[in-house]
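S.K.:
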Amino acid sequence: MNNKVSFDEAVNELLPVARKEKIKTAWDRYEAQSPQCGFGLLGVCCRLCWLGPCRIDPFGEGATAGVCGADAHTIVARNLIRGIAGGTASHSDHGKHTLHTLIDLIEGKAPAYSIKDEQKLKNVAAKLNIETEGKDLMQIAKEVAAVTLEDYSRQDSSVGLTWAKQTLPAKRVEKLKALGAMPHNIDAAVSEIMARTHIGVDADPVNLLLGGIKCSVADYTGMVLATELSDILFGTPQPLLSSANIGVLKENAVNIAVNGHNPVLSELVCDIALEMKEEAAKAGAKEGVNIVGICCTGNEVMMRRGIPIATNFLSQEIPVFTGILDAMVVDTQCIMPALAKVTECYHTELITTMDTAKIPGATHIEFHAHSGIESARKIIKMAIEAYRHRDPKKVNLSSHKVAAFAGFSTEAIVGALSKLDAQDPLKPLLDNIVNGNIQGVCLLGGCNNTKVMHDNSFVTIAKELAKKNVLLLATGCASGALAKAGLMTPEATNEYAGDTLKAVLTAIGNAVGLQVPLPLVLHMGSCVDNSRAVAVATALANKIGVDLDALPVVISASECMSEKAMSIGTWCVSLGFPTHLGVVPQVLGSSIVTEVLTDKVKDITGGYFIVETDPKAAAEKLLEAIKQRRRGLGI
Ligand code: SF4
Ligand code: MSK
101 MNNKVSFDEA
111 VNELLPVARK
121 EKIKTAWDRY
131 EAQSPQCGFG
141 LLGVCCRLCW
151 LGPCRIDPFG
161 EGATAGVCGA
171 DAHTIVARNL
181 IRGIAGGTAS
191 HSDHGKHTLH
201 TLIDLIEGKA
211 PAYSIKDEQK
221 LKNVAAKLNI
231 ETEGKDLMQI
241 AKEVAAVTLE
251 DYSRQDSSVG
261 LTWAKQTLPA
271 KRVEKLKALG
281 AMPHNIDAAV
291 SEIMARTHIG
301 VDADPVNLLL
311 GGIKCSVADY
321 TGMVLATELS
331 DILFGTPQPL
341 LSSANIGVLK
351 ENAVNIAVNG
361 HNPVLSELVC
371 DIALEMKEEA
381 AKAGAKEGVN
391 IVGICCTGNE
401 VMMRRGIPIA
411 TNFLSQEIPV
421 FTGILDAMVV
431 DTQCIMPALA
441 KVTECYHTEL
451 ITTMDTAKIP
461 GATHIEFHAH
471 SGIESARKII
481 KMAIEAYRHR
491 DPKKVNLSSH
501 KVAAFAGFST
511 EAIVGALSKL
521 DAQDPLKPLL
531 DNIVNGNIQG
541 VCLLGGCNNT
551 KVMHDNSFVT
561 IAKELAKKNV
571 LLLATGCASG
581 ALAKAGLMTP
591 EATNEYAGDT
601 LKAVLTAIGN
611 AVGLQVPLPL
621 VLHMGSCVDN
631 SRAVAVATAL
641 ANKIGVDLDA
651 LPVVISASEC
661 MSEKAMSIGT
671 WCVSLGFPTH
681 LGVVPQVLGS
691 SIVTEVLTDK
701 VKDITGGYFI
711 VETDPKAAAE
721 KLLEAIKQRR
731 RGLGI
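Numbers in the working numbering are just positions in the sequence shown, counted from 1, shifted up by 100.
1) Check Pro174 in the structure and name its three-state DSSP category.
2) Please check the pair Glu659 and Phe558, which I expect to be a contact at CB under 8 Å, by giving their CB distance rounded to whole angstroms.
3) In whole angstroms, what is the alpha-carbon distance linking Pro617 and Asp304?
4) Classify Phe677 as buried or exposed, calling it buried when 16 or more other Cβ atoms lie within 10 Å of its own Cβ.
5) Report yes or no: do the segment 649-659 and the segment 115-130 share at least 3 C-beta pairs separated by less than 8 Å?
6) Could you name the residues of the same chain whose beta carbon sits closer than 6 Å to that of Val348, not counting the 5 residues immediately before and after it, in chain order?
7) Mind listing which residues have their beta carbon within less than 5 Å of any non-hydrogen atom of the ligand SF4? Chain order is fine.
8) Please determine if the segment 476-490 and the segment 380-388 are in contact, where contact requires at least 3 C-beta pairs separated by less than 8 Å.
9) Spatial neighbours of Asn569 within its chain, please: CB distance less than 8 Å, with the 5 preceding and 5 following residues excluded, ordered by chain position.
10) Could you pull the start and end residues of the alpha helix (DSSP H) that Ser366 belongs to?
11) Below 7 Å, is the gap between the Cβ of Gln416 and the nearest heavy atom of the ligand MSK?
12) What ranges does the alpha helix (DSSP H) occupy inside the segment 384-449, keeping only unbroken runs of at least 4 residues that lie completely in it?
13) Can you give me the Cβ contacts of Thr694 inside the same chain, cut-off strictly under 7 Å, excluding the 5 residues immediately before and after it?
14) With 16 other CB atoms within 10 Å as the buried threshold, where does His298 fall?
15) For Leu439, I'd like the list of residues in its chain whose CB is within less than 6 Å of its CB, leaving aside the five on either flank, ordered along the chain.
16) Suppose the cutoff is 8 Å on Cβ atoms and the five residues either side in sequence are ignored; what does the same chain contact list for Asp256 look like?
17) Over the uninterrupted beta strand (DSSP E) stretch that includes Leu142, give me the two end residues.
18) Straight-line CA distance for Thr267 to Pro528?
19) Name the DSSP beta bridge partners of Asn556, please?
20) Comparing alpha-carbon positions, which option in Asp171, Ser690 and Ala665 lies nearest Gly682?
21) May I have the straight-line CA-CA distance separating Gln433 from Lys271, to the nearest angstrom?
22) Can you tell me the Cβ-Cβ gap for Ala163 and Ile206, rounded? I've got them flagged as a contact below 8 Å.
23) Tell me, which residues are paired with Ala344 by DSSP?
24) Does the segment 425-432 come within contact of the segment 175-186, defined as at least 3 CB pairs closer than 8 Å?
25) Helix, strand or coil: which one does DSSP assign to Arg490?
26) Here's a check: name, in chain order, each residue in its chain whose Cβ is nearer than 7 Å to the Cβ of Thr452, leaving out the five neighbours to either side.
27) Helix, strand or coil: how does DSSP classify Arg254 here?
28) Which residues share a DSSP beta bridge with Asn359?
29) Looking only at its own chain, which residues have a Cβ that is under 6 Å from the Cβ of Arg404, when we skip the five neighbours before and after it?
30) Determine the contact status of Phe413 and Cys395, defining contact as a CB-CB distance below 8 Å.
31) Which residue or residues does DSSP assign as beta-bridge partners of Met454?
32) Tell me the rounded alpha-carbon separation between Thr198 and Gly472.
33) Report yes if the C-beta distance between Lys377 and Val369 is below 8 Å; otherwise report no.
34) What separation, rounded to the nearest whole angstrom, lies between the Cα atoms of Asp217 and Asp171?
35) For the segment 222-241 against the segment 355-371, do three or more pairs of beta-carbon atoms, one drawn from each stretch, fall closer than 8 Å, so that the two count as touching?
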């Protein structure tokens, strides 16, 4: 097999180490799966009941319906929206966990936590129409929690989700309501999908897809509340300098990687690591405890604390092959079960922490908000102990490490713009979009996928769009890729940005006192933080009195893979954005579903999917979508 699987040279260099040790990684397992099932790739395989599994012959020569009579269109649509429900459940579970941590704090059951950003709490309360005047912080928090809880429990289906209604432009909310796509309860939206996709319920592919649109709005809601409540509890990110890639592991420190999505645990691990420096030193680790991030937990702690990010989703096994990763602590989502087998060959401890996310072969240290400090201590002690058992023969240091700026929350972006216009911070951004200095905005998000070269599509698309003066935002594993590629630096702006984009980023950089341009790609956070990009777009749309589908804003998930990416991609389309997928979605078995997603949906939401696996061609299509939107606005 080819050793060059990634744009990231650290991965290409460490992969042969695994091969030499005969350890399988995601790339080997992908090869063992190839060729992948053609029925599955087209989405025409159904396993919803035990009459099946049924599959439809895509060439029309064999079965044209399952035992129950469901045809390819029904099967493809059902499979897709079940994926959207899975993604929605994941994000809303994350949001719920954060909400319950806030509730525990209010009730005095989570002594390790506090309200780190009081102003954010007040701003969120105001957004949710909660009166703050004369109330103390805990009372405001209690009311915010109650309103949020209602979005998970409301039974009156005539009332829409508060968080969605209060954070999206009014015109969009009306459009979603008119479509019957404004859910009343996040959990109900998920269970509705499960119910309507049971054998013998909804067989109309278009109706099923409308159900998917409705569920995706619940997904957006789970994400925005997760982001906002995390900011209240852990602080709203502000720009900071950090670093990226596997070289962030330190030979003389106890290295702990935090992997997954949920900052509730990782924030405490970071706090306690500082306290346990001496203990690590006693074990011989002169530089104490070094926390690094992987995937979206990595993005969370990078955004708020400047913790360096080691790598992203697809390469999460790779840091183990350095032989100096002492523990990997995982919470939830996008954690490969394979880590147990990989860490078994090294001294590295794999530690699971959530009762809904265990991995055979890992050590489980149960984590709860009320006893979080003890769990964090136990985890770090385990890592220190593992450090003592490093095998010098297995050490393969990586020198790949680059600087990366992170922390571009909505507030941070508005704050930077306010240095140009204190009265009307959005005006400079808007003016530069109108005069064409900034052609449009592209949010690069989503996962990695073995079907395309690791990290390559993100980097190619970013460079192509930057050249054409498109402002770039990034979240999730796209952020990890772009940080590792050195594109979150002022130097990258100087090297790759088109002249007018460079001038704008330089003007803002100077205005905030950096004396260098802002980075080429602004790191907005983890996958739930896609909601931050919506906040910027909503503010722009509200300012000029248009809906989101009028803005020259596009989305690209060029290496997508997870159900969460399906639900995010769908809400991007539901909110009106042209949304690129760089991996072919498993829907081609139905001409109706394919046509709705890539074309017909435009008529109802304004958004649509662009499917393009060639990153250069994708950049061109995204640019064309931006130009179309500009023409629509008459600019
Ligand atoms: Fe087959 Fe219909 Fe059962 Fe699906 S729901 S497995 S198509 S019988
Ligand atoms: S971790 S959902 S691989 S972005 Fe958020 Fe990365 Fe995709 Fe998971």
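We treat Cβ as the ideally placed atom computed from N, Cα and C, and that holds for glycine.
M.R.: On the basis of the coordinates in this document:
1) The amino acid at residue 174 is misidentified as Pro; the sequence shows Thr. It is helical.
2) Contact flag correct, Cβ pair sits at about 7 Å.
3) Rounded to the nearest angstrom, the two C-alpha atoms are 52 Å apart.
4) In this structure Phe677 is buried. Its beta-carbon is surrounded by 16 or more other beta-carbon atoms within 10 angstroms.
5) Short answer: they don't touch.
6) Around Val348: Val392, Pro408, Ala410 and Lys501.
7) So the residues near the ligand SF4 by this Cβ test are Cys146, Leu148, Cys149, Leu151, Gly152, Cys154, Gly166, Val167, Cys168, Ala170 and Ile299.
8) The segment 476-490 vs the segment 380-388: in contact.
9) The residues are Gly536, Asn537, Ile538, Gln539, Ala597, Gly598, Asp599, Thr600 and Leu601.
10) Counting along the chain, Ser366 sits inside the alpha helix (DSSP H) bounded by residues Pro363 to Glu375.
11) Answer for Gln416: no, Cβ out of range of the ligand MSK.
12) Runs of the alpha helix (DSSP H) lying entirely within the segment 384-449 and spanning at least 4 residues, in chain order: 395-405 and 439-444.
13) Excluding residues up to 5 positions away in sequence, Val687 and Leu688 lie with their Cβ nearer than 7 Å to the Cβ of Thr694 in the same chain.
14) The residue is exposed, with fewer than 16 neighbouring Cβ atoms inside 10 Å.
15) Closer than 6 Å at the Cβ level, and outside the excluded window around Leu439, lie Leu450.
16) Once the five neighbours on either side are set aside, the close Cβ partners of Asp256 are His284.
17) For Leu142, there is no enclosing beta strand (DSSP E); the residue is found in the alpha helix (DSSP H) stretching over Gly138 to Leu142.
18) Whole-angstrom Cα-Cα distance: 22 Å.
19) According to DSSP, residue pairing for Asn556 in a beta bridge does not occur.
20) Nearest to Gly682 by C-alpha distance, out of Asp171, Ser690 and Ala665, is Ala665.
21) Rounded to the nearest angstrom, the two C-alpha atoms are 33 Å apart.
22) Their Cβ separation, rounded to whole angstroms, is 56 Å, which puts Ala163 and Ile206 out of contact at 8 Å.
23) Within the DSSP bridge table, the entry for Ala344 names Ile409 and Val502 as partners.
24) No, because fewer than three Cβ pairs between the segment 425-432 and the segment 175-186 fall closer than 8 Å, the two stretches do not touch.
25) Reduced to three states, the DSSP call for Arg490 is coil.
26) By the criterion of a C-beta distance shorter than 7 Å, Thr452 is surrounded in its chain by Val430, Lys458, Ile459, Ala462 and His464, once the five residues flanking it on both sides are discounted.
27) In this structure, Arg254 counts as coil in the three-state DSSP scheme.
28) Ile394 and Val430, per the DSSP bridge assignment.
29) The answer, listed in chain order, is Phe334, Gly335 and Pro337.
30) Result yes, Cβ atoms of Phe413 and Cys395 sit closer than 8 Å.
31) Paired residue(s): Ala457.
32) Each residue's Cα considered, the two are about 14 Å apart.
33) For the pair Lys377 and Val369, the CB atoms are not nearer than the 8 Å cut-off.
34) About 52 Å.
35) Between the segment 222-241 and the segment 355-371, the count of Cβ pairs shorter than 8 Å is below three; the stretches do not touch.
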